[in-house]
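Using numbering that gives the first Met the number 0, the letters of the sequence shown map in sequence onto residues 0 to 97.
Virtual Cβ for every residue (Gly too), placed ideally from N, Cα, C.
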Amino acid sequence: MTSANPKYAGKFSRKALPPAIQYYQTQNIILKGTGLWRDAICPFHHDTKPSLRINIERGAYRCMACGAHGGDVLAFHMHKYGLGFVESAKQLGAWIES
Ligand SMILES: [Zn+2]
Numbered sequence: 000m001t002s003a004n005p006k007y008a009g010k011f012s013r014k015a016l017p018p019a020i021q022y023y024q025t026q027n028i029i030l031k032g033t034g035l036w037r038d039a040i041c042p043f044h045h046d047t048k049p050s051l052r053i054n055i056e057r058g059a060y061r062c063m064a065c066g067a068h069g070g071d072v073l074a075f076h077m078h079k080y081g082l083g084f085v086e087s088a089k090q091l092g093a094w095i096e097s
């Protein structure tokens, strides 16, 4: 399928996504602990203890309390702001205009 909508002209560049630690910092998500998976307060429910697990290599996240999850910072951004793929990629600087 081709789209004539210029809004979607371009392509996604995964390697242009911000590093996970940097991205979550800009979202005011405080990462606690050490190692590959860090703990944070979940923004998707009223969290009182760090229930959200974040993989600092891939940016993946999973909440042990409410079940929110995704595979990278792009998924988190779409989820948090209710945005589509392209709009989220643009906001994260990972959309290369053609
Ligand atoms: Zn949660």
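Does DSSP put K10 in a helix, a strand or coil?
K10 falls in the strand class under three-state DSSP.
Report the rounded CA-to-CA distance for A74 versus I20, giving the unit in angstroms.
The alpha-carbon atoms of A74 and I20 are separated by roughly 15 Å.
Ignoring anything shorter than 4 residues, give me the alpha helix (DSSP H) runs that lie fully in the region 27-54, in order along the chain.
As far as the region 27-54 is concerned, it has no whole alpha helix (DSSP H) run of at least 4 residues.
Do you know how far the Cα of M77 is from the Cα of A93?
If I take the Cα positions, the gap works out to 13 Å.
Under 8 Å: do the region 5-19 and the region 55-63 share three or more Cβ pairs, one atom per stretch?
Contact between the region 5-19 and the region 55-63 is present, because at least three Cβ pairs lie under 8 Å.
In the DSSP assignment, find the beta strand (DSSP E) that holds C65 and state where it starts and stops.
Here C65 belongs to no beta strand (DSSP E), and DSSP marks it neither H nor E.
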